[in-house]
Amino acid sequence: MTNCIFCRIIERSAPAEFLFENEAAISILDKRPIHFGHALILPKQHCETFLDVPPSTLDGLMEATRIVCGALTQSLHLEGFNIFSNNGEVAGQSVFHFHWHVTPRYKNDNIRFELTLKEYSDGEMALIAQRIRAHINSTV
Ligand SMILES: [Zn+2]
12 MTNCIFCRII ERSAPAEFLF ENEAAISILD KRPIHFGHAL ILPKQHCETF
62 LDVPPSTLDG LMEATRIVCG ALTQSLHLEG FNIFSNNGEV AGQSVFHFHW
112 HVTPRYKNDN IRFELTLKEY SDGEMALIAQ RIRAHINSTV
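Here our numbering runs 11 ahead of the position in the sequence shown, where the first position is 1.
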């Protein structure tokens with residue numbers, strides 16, 4: 012038996028509240044929600060981070076996300092939602108089977124993502140962009 016909790020849920024050998032399933036992805040409720048209705052979307056195929064997600068499953072992941080976001084918004088009367096994913100331990104990933112979160116948001120819900128935004132110095136933004144583009148152009 013796999014020790015990946017999400018694989019066990021996909022195989023129905025561990026419990027979860029399923030919201031949606033298609034050929035590539037499932038959606039379940041997060042059992043430690045930021046708000047009730049906080050959902051997870053994950054590929055059925057085990058992969059650790061977004062970089063490991065098979066391209067053939069991306070359409071199914073996006074379809075599941077669109078359907079679940081719409082259903083959450085309508086059924087729980089959301090005023091907004093966040094979609095986010097933690098990739099790698101330093102980013103806060105705790106289950107190493109790729110997933111993203113859909114979290115309900117409401118006015119004055121007191122949820123804050125505490126961020127300190129940086130500023131680029133003159134020319135620095137262009138240099139960073141050039142470095143990234145050069146890598147993309149050499150690999151795509
Ligand atoms: Zn897994």
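Cβ atoms here follow ideal geometry from the backbone N, Cα and C, with glycine treated the same way.
Candidates 127, 108, 61, 117, of which the one nearest residue 19 by Cα: The residue given as residue 19 occupies position 8 in the sequence shown. Residue nearest to residue 19 within the set 127, 108, 61, 117 is 108 (criterion: CA-CA distance).
Residue 108 Cβ short of 7 Å to ligand 1 heavy atom set: Walking along the sequence shown from the start, residue 108 turns up at place 97. True, at least one ligand heavy atom lies under 7 Å from that Cβ.
The stretch 59 to 67 contacting the stretch 77 to 89, beta-carbon criterion three pairs below 8 Å: no
Alpha-carbon spacing of residue 46 relative to residue 32, whole angstroms: Position 35 of the sequence shown, counted from the first residue, corresponds to residue 46. Position 21 of the sequence shown, counted from the first residue, corresponds to residue 32. The alpha-carbon atoms of residue 46 and residue 32 are separated by roughly 22 Å.
Distance CB(residue 30)-CB(residue 79) smaller than 8 Å: Locating residue 30 in the sequence shown gives position 19, counting from the first residue. Locating residue 79 in the sequence shown gives position 68, counting from the first residue. In this structure, residue 79 lies closer than 8 Å to residue 30 by Cβ.
Contact test: residue 29 Cβ vs ligand 1 heavy atom, cutoff 7 Å: If you number the sequence shown from 1, residue 29 lands on position 18. Incorrect: residue 29 has no Cβ contact closer than 7 Å to ligand 1.
Per DSSP, cross-strand counterpart(s) of residue 95: Start at 1 with the first residue of the sequence shown, and residue 95 comes out as number 84. Per the DSSP secondary-structure output, residue 95 pairs in a beta bridge with 112.
Exposed unless 16 or more other CB atoms sit within 10 angstroms - verdict on residue 55: By 1-based counting over the sequence shown, the position of residue 55 is 44. Under this definition residue 55 is a buried residue.
Any non-hydrogen atom of ligand 1 within 7 Å of residue 124 CB: For this step, residue 124 is matched to residue 113 along the sequence shown. Checking every heavy atom of ligand 1 against the Cβ of residue 124, none is found closer than 7 Å.
Three-way DSSP call (helix, strand, coil) for residue 39 in this model: As a position in the sequence shown, residue 39 is number 28, starting the count at 1. Strand at residue 39.
Rounded Cβ spacing between residue 97 and residue 91 (contact assumed at less than 8 Å): To locate residue 97, count along the sequence shown from 1; it is residue 86. To locate residue 91, count along the sequence shown from 1; it is residue 80. That pair is no contact at about 20 Å.
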